[in-house]
Each structure stands twice: as structure tokens, then as C-alpha cells.
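In this note's numbering, the protein residues as written are 174 to 572.
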């Protein structure tokens with residue numbers, strides 16, 4: 174039977190879980206705190222981990238971070254157990270690599286359903302592996318994802334992918350002025366795959382180039398489609414990978430997609446990260462200048478997570494800074510985040526740049542941004558990312 178590790182600091186809860194799982198014939202091991210849990214996970218390599226989120230010293234987030242960094246435990250199915258039910262907690266855990274999230278108190282049926290679902294998915298990963306791929310250094314999960322990704326792009330012609338759109342809102346007027354396009358993949362083999370999993374894989378295999386080309390083509394077509402039905406001018410932003418950005422024909426692709434759809438270039442914004450630019454600053458600046466000369470807008474995404482670009486910032490041909498969600502979370506109550514965010518907004522305005530705050534989730538965060546003259550916001554407070562059809566309805570009902 175599968176081996177399950179329980180990491181839970183409350184003895185009564187831990188004992189109940191052990192009794193319940195042993196009654197179902199699971200092999201069980203238990204840890205009374207996060208540090209012991211990490212040690213047991215590495216030494217025992219269980220088939221699944223149930224971990225309490227709130228623990229002293231090393232909490233569930235810390236446990237998950239440690240395990241996802243170790244190759245031997247990186248792909249073990251991981252389920253959070255918590256009394257917290259806030260969406261932000263759920264998203265933080267999932268973004269860090271958790272597989273599921275069960276809110277206390279939960280029923281026996283809920284727990285067993287979550288466990289069996291994850292164990293079955295993990296078993297499916299191995300079923301699709303050929304003997305040749307097993308010798309690959311990738312984990313079984315990543316091997317299956319790579320096989321599936323190749324098939325989705327080469328054979329299925331991008332049919333498994335969908336572009337979602339998250340509104341970007343003018344804080345002063347409350348009007349939707351833009352949207353960020355975000356890719357989703359529904360794989361027949363493994364179900365919904367998060368971008369944090371498949372984008373790095375696409376980059377490492379080079380598949381990000383055809384995938385990115387498809388996204389750009391679809392977004393340009395979408396801009397034209399919405400313009401043709403009378404939706405007010407809307408800028409759409411596309412995230413770029415460093416491989417796409419450095420393709421010799423990248424500029425030509427952009428020009429071609431705009432020409433085909435008869436687009437004014439300022440309705441397209443390309444989002445770059447600091448790390449992309451810093452890999453080869455002079456080359457990046459040269460490409461960015463060509464794009465700006467065409468009229469395409471450029472944003473630096475997740476700004477603030479690195480510091481090396483500050484020295485180059487005044488020389489970068491950009492239009493927008495997007496402040497990373499880390500600085501926005503609890504910005505109204507965290508003195509350090511408050512000081513940094515105010516400084517970033519002021520600096521951007523001094524350089525005649527627009528500022529977008531990412532990951533805005535509370536009215537207090539929005540009030541802070543409004544008080545300090547941040548231009549735009551995006552986040553769950555206003556809307557989650559939406560499929561194109563839903564976003565279109567949203568636009569039409571929120572004019």
C-alpha cells in the first residue's frame with residue numbers, strides 16, 4: 174500500500190489521521206513538527222504528504238519549499254491541511270507547488286477522496302513513461318509533462334491550450350484599460366497543468382518558441398476581434414520568454430501579426446522580466462528600442478524582485494513598471510513593503526513611467542495605492558483571469 178507521511182503538530186489531530194489511514198490499510202509515518210517532517214520525507218520518500226500549514230518554527234510553507242528544492246522529494250504529492258480558508262493562502266500554497274488543500278474540519282470522505290485523487294494522478298504519470306524516458310534525469314512527473322507537451326504542440330496543434338485575460342484597471346477611474354494574457358494548459362493525460370510547471374519545461378526544451386508564437390498570434394487576433402465588435406480600445410499584454418525575445422526573427426513576427434490584423438502597435442504590450450534584460454543588457458536594449466520605434470509598448474514584469482536593473486533603469490526604453498505582488502500583499506500594514514512600494518511608484522513617475530500594482534486582493538491595498546498615486550492595478554480584488562468569452566462579457570457589462 175502507499176506510504177503516507179503526516180506532518181502535524183497537534184497530537185490529537187495527528188493521532189486521528191494515523192488511525193483513519195491505518196484503518197484504510199495505508200502505511201503511515203508521522204512527524205510532530207516541520208523539521209522532523211522534512212527529515213522523514215527525505216529519508217523515507219513517501220508516496221504522499223499531508224502537512225499542516227500553521228506550525229511553530231517551520232510552517233507548512235517552509236516544509237513545502239524545502240521539499241520542492243530537493244530532487245528526491247520534488248514531485249511527491251503534497252496536500253495542505255489547514256484551518257485557514259482565505260483565497261490568498263490557497264493560492265500561495267498552490268503557487269509554491271502544493272497539489273491540494275483541505276480545510277479543517279474535513280470529513281473522512283473528503284480526506285480519502287483528496288488522497289486517492291492525488292495517488293491516482295501520480296500513478297498515471299508513470300503509466301505513460303516509455304523505457305527510454307525512464308533513464309532521463311527528469312522526475313516521472315516531468316517526463317510525462319514533457320511527452321504531453323511535445324504532443325500538445327506538435328500533434329494536437331495547440332488545441333489543449335487556452336488564453337485567459339486578467340483586467341488591468343485604472344485606479345482613478347475604475348475603468349478597464351488593458352488586460353494581461355495568461356496561458357492555461359488542460360492536458361488529457363494529467364489534467365490542468367499550472368504555468369509554473371509547464372512554462373519552465375517549455376523553455377528548457379525550446380518548445381516555448383512555437384508556443385509563444387501561437388500566443389502572440391492569438392492575442393493579436395483577439396485585439397482585432399474585440400475592436401471589430403465595438404469594444405473600446407483595449408491594450409493586451411503578453412509575457413515573453415528570453416528564448417522568444419532573442420529569436421532572430423522576433424521583430425518580424427511582431428510586425429507580421431500586427432499587419433495581418435491591421436493593428437495599431439500601441440494596443441500590444443510586451444512584458445519582460447528583469448532577469449531577461451540582465452542576461453545581455455546591451456542586446457536587450459537594442460531589441461527594445463526597435464520594438465518601441467514600431468510603437469509597441471514594453472513593461473518590466475515583477476519589478477522589485479531583483480535589484481541589478483536599477484542602475485540601468487533610466488536607460489531602458491520602457492513604458493511601464495509592474496510592481497511584484499510580494500510588495501503589494503499587506504502593503505498597507507507592513508512598514509517595509511509600504512516604504513519600498515512608495516519609493517518604486519515615485520521613482521517610476523520621476524522617469525515618466527506608468528505603474529501597475531500586481532496581485533491586489535484587498536480594499537486596504539487598493540486604498541494605499543490610490544493614496545500614493547499608483548496608476549493601475551490588477552488582482553483578485555477586481556477579477557481573476559477569465560477565458561476570452563467570459564472576459565468579453567465582463568467588458569460589455571462593465572463599460
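No residue lacks a Cβ here, since even glycine has one placed at the ideal position from N, Cα and C.
Residues in its own chain within less than 8 Å of residue i by CB, not counting five upstream and five downstream?
| i | result |
| --- | --- |
| residue 206 | 180, 182, 228, 229, 230, 231 |
| residue 557 | 339 |
| residue 308 | With a pLDDT of only 38 at residue 308, under the threshold of 50, the placement of this residue in the model should not be trusted, and no figure is reported. |
| residue 305 | Low confidence applies here, because residue 305 scores a pLDDT of 42, under 50, leaving its location unreliable; read the following figure in that light. Result list for residue 305: empty, nothing under 8 Å. |
| residue 342 | 348, 349, 350, 549, 550, 551, 555 |
| residue 287 | 252, 273, 275 |
| residue 564 | 337, 338, 340, 352 |
| residue 386 | 417, 426 |
| residue 281 | 193 |
| residue 378 | 319, 322, 323 |
| residue 217 | 176, 178, 202 |
Would residue i and residue j qualify as a contact pair, given that the criterion is a beta-carbon distance under 8 Å?
| i | j | result |
| --- | --- | --- |
| residue 574 | residue 324 | Beyond the ends of the chain as shown, which are 174 and 572, falls residue 574; an answer cannot be given. |
| residue 491 | residue 464 | no |
| residue 449 | residue 441 | no |
| residue 272 | residue 250 | yes |
| residue 443 | residue 415 | no |
| residue 488 | residue 458 | yes |
| residue 417 | residue 382 | yes |
| residue 392 | residue 407 | no |
| residue 285 | residue 275 | no |
| residue 256 | residue 277 | yes |
| residue 461 | residue 473 | no |
| residue 404 | residue 568 | yes |
| residue 573 | residue 174 | Here the chain comprises residues numbered 174 to 572, so residue 573 is not present and cannot be evaluated. |
| residue 467 | residue 421 | no |
| residue 363 | residue 294 | yes |
| residue 501 | residue 529 | no |
Below 8 Å on the Cβ atoms is my guess for residue i versus residue j; work out the distance and round it to an integer in Å.
| i | j | result |
| --- | --- | --- |
| residue 223 | residue 190 | 7 Å |
| residue 559 | residue 338 | 6 Å |
| residue 475 | residue 446 | 6 Å |
| residue 397 | residue 435 | 7 Å |
| residue 433 | residue 388 | Their Cβ separation, rounded to whole angstroms, is 15 Å, which puts residue 433 and residue 388 out of contact at 8 Å. |
| residue 209 | residue 194 | Incorrect: roughly 18 Å between the Cβ atoms, too far for contact. |
| residue 536 | residue 498 | At roughly 16 Å, the Cβ-Cβ gap does not stay under 8 Å, so residue 536 and residue 498 are not in contact. |
| residue 233 | residue 253 | 6 Å |
| residue 395 | residue 561 | 6 Å |
| residue 496 | residue 524 | No, residue 496 and residue 524 are not in contact; Cβ-Cβ is about 14 Å, not under 8 Å. |
| residue 334 | residue 355 | That belief does not hold up - the Cβ atoms of residue 334 and residue 355 are roughly 11 Å apart, past 8 Å. |
| residue 384 | residue 375 | 5 Å |
For residue i, I'd like the list of residues in its chain whose CB is within less than 6 Å of its CB, leaving aside the five on either flank, ordered along the chain.
| i | result |
| --- | --- |
| residue 543 | 344 |
| residue 527 | 493, 548 |
| residue 303 | Any reading at residue 303 is ruled out, since the residue's pLDDT is 41, under 50, leaving its predicted position unreliable. |
| residue 239 | 211 |
| residue 424 | 463 |
| residue 331 | 387 |
| residue 522 | none |
| residue 541 | 504, 505 |
For residue i, I'd like the list of residues in its chain whose CB is within less than 7 Å of its CB, leaving aside the five on either flank, ordered along the chain.
| i | result |
| --- | --- |
| residue 371 | 318, 322, 358 |
| residue 369 | 268 |
| residue 213 | 178, 202, 204 |
| residue 545 | 515, 518 |
| residue 197 | 285 |
| residue 236 | 180, 207, 210, 211, 224 |
Could you tell me whether any Cβ in chain B is nearer than 8 Å to the Cβ of residue i?
| i | result |
| --- | --- |
| residue 470 | Absent here is chain B; the protein component of the structure consists of one chain. |
Which ranges would you report for the alpha helix (DSSP H) in the region 328-398 if only whole runs of at least 4 residues count? 368-378
Along the chain, which unbroken stretches of the alpha helix (DSSP H) at least 4 residues long are found entirely within the region 183-237? 184-196, 207-217
Length at least 3, wholly inside the region 239-280: the beta strand (DSSP E) runs in chain order: Counting only unbroken stretches of 3 or more residues, the beta strand (DSSP E) elements lying wholly within the region 239-280 are 251-255, 273-276, in sequence order.
Check whether the region 450-461 and the region 501-514 are in contact - that is, three or more C-beta pairs closer than 8 Å. no
Would you call the region 539-553 and the region 315-334 touching, i.e. three or more CB-CB distances under 8 Å? no
Completely contained alpha helix (DSSP H) runs for the region 464-529, where each covers 4 or more residues: 498-501, 508-523
What residue ranges within the region 402-455 form continuous alpha helix (DSSP H) runs of no fewer than 4 residues, ordered along the chain? Runs of the alpha helix (DSSP H) spanning 4 or more residues and lying entirely within the region 402-455 occur at 415-418, 423-434, 447-452, in chain order.
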